[in-house]
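Each residue of the sequence shown is one higher than the last, beginning at 1060 in our numbering.
All C-beta atoms, glycine included, are put in the ideal place defined by N, C-alpha and C.
Computed from a prediction, not measured in an experiment: that's the story for all the values here.
Below is one structure; the comments refer to it alone.
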Amino acid sequence: MISGGLTAAYQALVPEFEKATGNKVLTAFGPSMGTTTNAIPVRLERGEPADVLIMGYALNDLASKGKVVAGSQVDLTRSPIGIAVKSGAPKPDISSVEAVKRALLAAKTIAYSDSASGVYVSTEMFDKLGIADVMKDKARKIPATPVGEIVAHGEAELGFQQISELKPVKGIDIVGLLPSELQKITIFSAGIATVSKEPDAGRALIKFLASPAARDTIIASGMEPIAAGGAN
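Shown next as structure tokens:
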């Protein structure tokens, strides 16, 4: 089971893993948190099978609830937050904290995800910029659907999500990364589910995703690989 941030790189890498090992990987996709039907915690609670869990910091929450085998977690990538507009729309200046604030105040509609990046944007970044009250009327959380799709359809002028989740979406232009003073890096990690029936094959997949062979694909997806061996 995998959440959005690492999906593009994962989908490119899995066929390589299958070819190299002879294992067949079946994947369920969904948000790492929230209460939508396909959210990974909801899937696990209703008893769906899983061997490997790949997501952001929500993996630690699942580990604390006994859903992840102790000691099996491996940090895979760092994922920064970016901003997107509809293709062809003017790109606002986001080069500084004040520029981002001006862009947010000027936008009529703003979208953010219901996962790690959106939690940060809505509960921390807006407060840091001193515009939380203004944002209540024009910024909205998008459950399950990629934020880029909402922007592409013209339902939001600005969209905030991890770059790796924005890049695969057609119909948008990525303005760039949040400036460092506002940036929030999500660490994507993998672990073995305690309900796993194929833990050895699961560990092999995690090892492959953390290996040098996966590095170029991960970088191309907009994420930074973490050196093999880095574990929570």
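Taking all protein chains shown into account, decide if residue i is buried (16 or more other Cβ within 10 angstroms of its Cβ) or exposed.
i	result
E1013	Outside the displayed span of the chain (1060 to 1291) sits residue 1013, for which this structure offers no information.
Q1132	buried
P1151	buried
T1086	exposed
I1278	exposed
A1129	exposed
A1252	buried
For residue i, does the three-state DSSP call read helix, strand or coil?
i	result
G1289	No answer about G1289 holds up, because its pLDDT of 43 lies below 50 and its placement is not dependable.
G1213	coil
Q1221	strand
L1236	strand
M1060	coil
R1274	helix
M1114	strand
V1084	coil
K1266	helix
V1127	strand
Among the options, whose alpha-carbon lies nearest the alpha-carbon of residue i?
i	options	result
D1063	A1079, F1088 and T1080	It is worth fixing the name first, because residue 1063 is Gly in this sequence and not Asp. Selected option, being the one with the closest Cα: F1088.
S1270	I1061, L1072 and K1243	L1072
A1215	A1263, I1142, M1282 and D1186	I1142
G1250	A1263, P1074, L1188 and S1280	A1263
T1080	D1275, S1174 and K1266	K1266
For the beta strand (DSSP E) containing residue i, name the first residue and the last one.
i	result
V1133	V1133 to S1138
G1250	T1245 to I1251
Within the continuous alpha helix (DSSP H) that includes residue i, where are the two ends?
i	result
I1190	That residue, I1190, is in no alpha helix (DSSP H); it is neither H nor E in DSSP.
I1099	I1099 to E1104
At a threshold of 7 angstroms, does residue i count as lining the ligand SAM (C-beta to nearest heavy atom)?
i	result
T1276	In the structure shown, the ligand SAM is absent, as is every other ligand, since no ligand is present at all.
Taking 8 angstroms as the threshold, find out whether the segment 1245 to 1259 comes into contact with the segment 1152 to 1167 through three or more Cβ pairs. In this structure the segment 1245 to 1259 does not touch the segment 1152 to 1167; the number of beta carbon pairs closer than 8 angstroms is below three.
Contact between the segment 1230 to 1238 and the segment 1150 to 1160 (3+ Cβ pairs under 8 angstroms): Result yes; three or more Cβ-Cβ pairs closer than 8 angstroms.
Pair every Cβ in the segment 1086 to 1103 with every Cβ in the segment 1189 to 1205, then say whether three or more of these pairs are closer than 8 angstroms. The segment 1086 to 1103 vs the segment 1189 to 1205: in contact.
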